[in-house]
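Numbering (my numbering), first residue to last: 285 to 389.
Right under this line is the structure:
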């Protein structure tokens, strides 16, 4: 994926996450998105960044995120968004970005 695609995905994710990613672990700090540029966001390369997004989509938005090996599927009332990539992390990121692009449009 290109830096432009990564930045676009980061902006889409930031839009649903708000100004901070809350991480419920004693030894991990929350991530302040409000002070970062899209190219500084690590949703596409860090579990610490991406998993709170999965939780938000499932718990707050009421959708289903299924993860199996290097595949991910986000299912909503209006459809589903699937991705299969070289890594599990990239598959999850891509399915989430595809879902958010559809929601935006």
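The beta-carbon is built from N, C-alpha and C at its ideal position, and this holds for glycine as well.
Residue i to residue j span [Cα, whole Å]
| i | j | result |
| --- | --- | --- |
| residue 286 | residue 299 | 20 Å |
| residue 314 | residue 292 | 22 Å |
Residue range of the unbroken alpha helix (DSSP H) whose run includes residue i
| i | result |
| --- | --- |
| residue 375 | 372–388 |
Helix, strand or coil at residue i according to DSSP, with G and I counted as helix
| i | result |
| --- | --- |
| residue 298 | helix |
| residue 340 | helix |
| residue 363 | strand |
| residue 307 | coil |
Neighbour-count burial assignment, residue i, 16 or more Cβ in a 10 Å radius
| i | result |
| --- | --- |
| residue 303 | exposed |
| residue 294 | buried |
| residue 227 | No information on residue 227 is available, as it lies outside the stretch 285 to 389 that the chain covers here. |
| residue 345 | exposed |
Limits of the beta strand (DSSP E) - the one that residue i falls within
| i | result |
| --- | --- |
| residue 350 | 348–352 |
CB-CB length for residue i against residue j, believed under 8 Å
| i | j | result |
| --- | --- | --- |
| residue 305 | residue 336 | 5 Å |
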